[in-house]
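Participant:
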Amino acid sequence: MADLLTTLQRLLQDEREVFGDFLVLERASVPPSRKTPSPEKGESQNLSGGNPVKPSTQERGGTPDRAGIELVVPASQEQDEVPDLFGVARAVPSITHEPWSTAPSLAELDAQINTCMKCPLGATRTKFVFGVGNPHASLMFVGEAPGADEDAQGEPFVGRAGQLLNKILEAISLRREDVYIANILKCRPPNNRTPFAEEVEHCLPYLRRQIALINPKLIVCLGLTAAQNLLGTTESLGRLRGRVLSFEGIPMMVTYHPAALLRNPNWKRPAWEDFKAVQQFLVDHSGDAGKEKPAHG
Ligand code: URA
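Using the working numbering, the letters of the sequence shown correspond one by one to residues -11 to 285.
1. Starting from the N-terminal side, write out each stretch of the alpha helix (DSSP H) that is 4 residues or longer and does not extend beyond the region 136 to 209.
2. Under a three-way DSSP split, which group does Ser93 fall into?
3. How would you call Gly147, buried or exposed, if buried means at least 16 neighbouring beta carbons within 10 angstroms?
4. Taking DSSP as the reference, what is the three-state secondary structure of Pro134?
5. Could you tell me the boundaries of the beta strand (DSSP E) in which Phe235 lies?
6. For Trp255, which residues of its own chain have a beta-carbon under 7 Å away from its beta-carbon, when the five flanking residues on both sides are left out?
7. Tell me Thr243's beta-bridge partners as DSSP assigns them.
8. Buried or exposed for Val266, going by 16 or more other Cβ atoms inside 10 Å?
9. Could you name the residues of the same chain whose beta carbon sits closer than 6 Å to that of Phe116, not counting the 5 residues immediately before and after it, in chain order?
10. Could you spell out where the alpha helix (DSSP H) holding Glu290 opens and where it closes?
11. Anything with a beta carbon under 7 Å from a heavy atom of ligand 1 counts; list them all in chain order.
12. Between the alpha carbons of Glu158 and Lys205, how many angstroms are there, rounded?
13. Please classify Ser234: is it buried, with 16 or more other beta-carbons within 10 angstroms of its beta-carbon, or exposed?
14. State buried or exposed for Asn122, treating a residue as buried only when at least 16 other CB atoms are found within 10 Å of its CB.
15. Would Asp137 pass as a contact of Arg176 if the rule is Cβ separation under 7 Å?
16. Excluding the five sequence neighbours on either side, which residues of its own chain have a C-beta within less than 6 Å of the C-beta of Ala149, listed in chain order?
17. Check whether the Cβ atoms of Val209 and Val242 sit closer than 7 Å, and answer yes or no.
18. Would you report the Cα separation of Ser89 and Phe129, rounded to the nearest angstrom?
19. Classify Gly275 as helix, strand or coil using the three-state DSSP reduction.
20. Beta-carbon separation of Pro144 and Asn179 under 7 Å?
21. Contact check, Pro92 vs Gln100 under 8 Å by CB: the rounded distance?
22. What does the alpha-carbon distance come out to for the pair Asp262 and Phe269?
23. Grouping DSSP H, G and I as helix and E and B as strand, with all else coil, what is Phe129?
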């Protein structure tokens, strides 16, 4: 009997890891002091095709440089408040007054930051990997950091993971040139290790400026590192996938990193569901002001 209980507990734990614990979400409530109005652009919705769920916003901690997080609850949930699930996991970068922080274009931002030596990765990089794609893209992808191929070529997602990303884009009727692709870090960490907090702290403000200049309709985080650092959370991928979140008012979705899909083909099916949701989001928001409809076909 004890063995059976242990097995059941382990199964439940595994399931939570992958799918998140929706039951806990449904029961939890928000302290009134944490309620703030939702920004218009961050209008969030569930991904299951049901009625849009009224979004809720976590307070921003009084600093404009902090990642805003909105969490949309699963389709079945009828509440307009969500629990404070996300603890801030990283140091909040201080507001900078360096010239690049007001660079008026991507080209000028690139020119002003691509000699960066703020962290030790500056000394070991071959090329600074700024980002690539349509500067007016509706859809922006954020990965983790350049790998060996990217470091050599100065462009994100050009290795095997990038080839898979290109194929996925094709499958949802988008071309690489239609979207914008960047990473949390602009320089390659040795042996592709996970970025250190100090590296992220120096590099993330560049990405923030980049995002502000592109102003996409949707950001898709490729993998947990991108999601956790942009959202300032330690939540699992299982809890972050399948929802429309918000990065400073810009809708955000989270899916598997293409390199993870190469390692574990079982994740391709759920990843495909994520990308279909991305496609649907873009179709649903194609008429929104200020952005071109993404190219199809
Ligand atoms: N993995 C990433 O996260 N980014 C790249 O640019 C390449 C591989």
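Cβ coordinates follow ideal geometry from the N, Cα and C atoms, glycine included. Quick caveat, the model's predicted, so the values are computed rather than measured.
Facilitator: Reading it off the structure:
1. 136 to 141, 148 to 159 and 185 to 202
2. coil
3. buried
4. coil
5. Leu233 to Phe235
6. Tyr244, Ala248 and Leu249
7. Leu210
8. buried
9. Asn102 and Lys174
10. Residue 290 is absent from the structure shown; the chain starts at -11 and stops at 285.
11. Val117, Gly131, Glu132, Ala133, Pro134, Gly135, Glu138, Pro144, Phe145, Gly147, Ala149, Gly150, Asn171, Leu210, Gly211, His245 and Ala247
12. 19 Å
13. buried
14. buried
15. no
16. Pro246 and Ala247
17. One detail in the question is off: residue 209 reads as Cys in this sequence, not Val. Yes, they are a contact pair.
18. 21 Å
19. coil
20. no
21. Contact flag wrong, Cβ pair sits at about 11 Å.
22. 10 Å
23. strand
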